[in-house]
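**Q**
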Amino acid sequence: MLIDTHCHLEDYDNLKEITEEMQDGMMITAGTSQTTNEKVLELIAQYPNVYGTLGIHPEEVENCKEEDLIYIEKHIMDPHIVGIGEVGLDYHYGTETKEKQKEILKKQLLLAKKYKKTVVIHSRDATLDTYTILEELDMHDTKMVLHCYSSSIEMAHQFLKFPMKFGIGGVITFKNAVKLREVVEKLPLESFLLETDSPYLSPEPHRGEKNKPSNTLFVAKKIAEIKGISLEEVLQVTSASAIRWFDLGRKI
Ligand code: NI
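Residue numbering for the sequence shown is 205 to 456, as defined by my numbering.
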């Protein structure tokens, strides 16, 4: 069974086809703003194999109002909402909103703690600040995912002091993904969840095209190749991890 633990499904006009391609598999579509969070709630009601997470993405914090966080809290216990996300820190395009990003991240981490929900974290060029905040809020009791993991194996070991999984997506199929290949090679398969981040980051051989959840298969194949194990084992172990991590499976 294929599980895409991180995608953004609000922007497809052929969504029925896309979700059917996953057959008995599942997808978790991540909200990033008030608008997309509302869309997530629509999609999980409409498609039987789509679950959702709600969150304010670091690049959306400028537009984030107090009521947007109240909206997340109001819907966090909806049965097919399986986590808080996508939340985090992103300093890639500059650090002007750094303080606001930290403030909004902390508020959402506290929500996850309060409602015992898994957190999906986006951390880009901000590894140390992300780590420091997780320590500061004592997130050792909360299941988390570092989505699209891009830091070193050394940092991965630090993050494993928390209940943490690493989301592996299309980037692993890129030739220049040297650091990430090392992470996949050295950590146990149980540390990883498969994802696409659709519609972005299409894996080889579809790089440059609009990504879709069924491309999770190419990510799984690459992990199997790197670790020298079968595709079946990758699918079985990562799916079991995803089901446990997000408490999936109540829908079917
Ligand atoms: Ni994403």
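Note that beta-carbon positions come from the ideal geometry of N, C-alpha and C, so glycine has one too.
Rounded to a whole number of angstroms, what is the C-alpha to C-alpha distance between Leu341 and Thr299?
**A** 22 Å
**Q** Give me the DSSP bridge partner(s) of Phe370.
**A** For Phe370, which the question treats as bridged, DSSP gives the partners Leu350, Phe396.
**Q** Counting pairs of beta carbons, one from the segment 400 to 411 and one from the segment 363 to 370, are three or more of them closer than 8 Å?
**A** no
**Q** Skipping 5 residues on each side, what residues in its chain have a beta carbon closer than 7 Å to that of Val254?
**A** Leu213, Thr223, Met231, Thr233, Leu247, Ile248
**Q** Taking contact to mean at least 3 C-beta pairs separated by less than 8 Å, is the segment 283 to 298 in contact with the segment 325 to 340?
**A** yes
**Q** Hey, out of His210, Val265, Leu245, Glu221, whose CA is closest to Ser237's CA?
**A** Val265
**Q** Work out the CA separation of Leu435 and Leu393 for me, nearest whole Å.
**A** C-alpha separation (whole angstroms): 12 Å.
**Q** Using the three-state DSSP reduction, which class does Thr257 fall into: helix, strand or coil?
**A** strand
**Q** Identify the continuous alpha helix (DSSP H) that holds Val265 and give its terminal residues.
**A** From DSSP, Val265 is part of no alpha helix (DSSP H); its letter is neither H nor E.
**Q** Is the closest heavy atom of the ligand NI to the C-beta of His212 under 7 Å?
**A** Distances from the CB of His212 to the heavy atoms of the ligand NI include at least one below 7 Å.
**Q** When burial is assigned at 16 or more other CB atoms within 10 Å of the CB, is Pro262 buried or exposed?
**A** buried
**Q** Under three-state DSSP, which class holds Leu213?
**A** helix
**Q** Can the beta-carbon of His210 be found less than 8 Å from the beta-carbon of His351?
**A** yes
**Q** Report yes if the CB atom of Phe396 is closer than 8 Å to the CB atom of Ile430, and no otherwise.
**A** no
**Q** Using the rule of at least 16 other Cβ atoms within 10 Å of the residue's Cβ for burial, across every protein chain shown, is Ile456 buried or exposed?
**A** With a pLDDT of 49 at Ile456, under the threshold of 50, the modelled position of this residue cannot be trusted, and the question is left open.
**Q** Say the cut is 7 Å; is the CB of Ala249 nearer than that to a heavy atom of the ligand NI?
**A** no
**Q** What residue from Thr301, Glu303, Met343 has the CA that sits closest to Lys318's CA?
**A** Here the closest residue by C-alpha is Met343.
**Q** Express the C-alpha separation of Trp449 and Leu314 in angstroms, rounding to a whole number.
**A** 18 Å
**Q** Among Ser356, Ile376, Ala330, Phe370, whose alpha-carbon lies nearest the alpha-carbon of Thr322?
**A** Phe370
**Q** Pick helix, strand or coil for Arg448, following the three-state DSSP scheme.
**A** helix
**Q** Would you check whether the ligand NI has a heavy atom nearer than 7 Å to the C-beta of Asp401?
**A** yes
**Q** Is there at least one non-hydrogen atom of the ligand NI closer than 7 Å to the beta-carbon of Ala234?
**A** yes
**Q** How many angstroms separate the CA atom of Thr420 from the CA atom of Ala428?
**A** 12 Å
**Q** Could you tell me the alpha carbon to alpha carbon distance between Thr442 and Met226, rounded to whole angstroms?
**A** 15 Å
**Q** According to DSSP, simplified to helix, strand and coil, what is Leu293?
**A** strand
**Q** If you follow the alpha helix (DSSP H) that Ala234 is part of, which residue opens it and which one closes it?
**A** From DSSP, Ala234 is part of no alpha helix (DSSP H) but of the beta strand (DSSP E) over 230 to 234.
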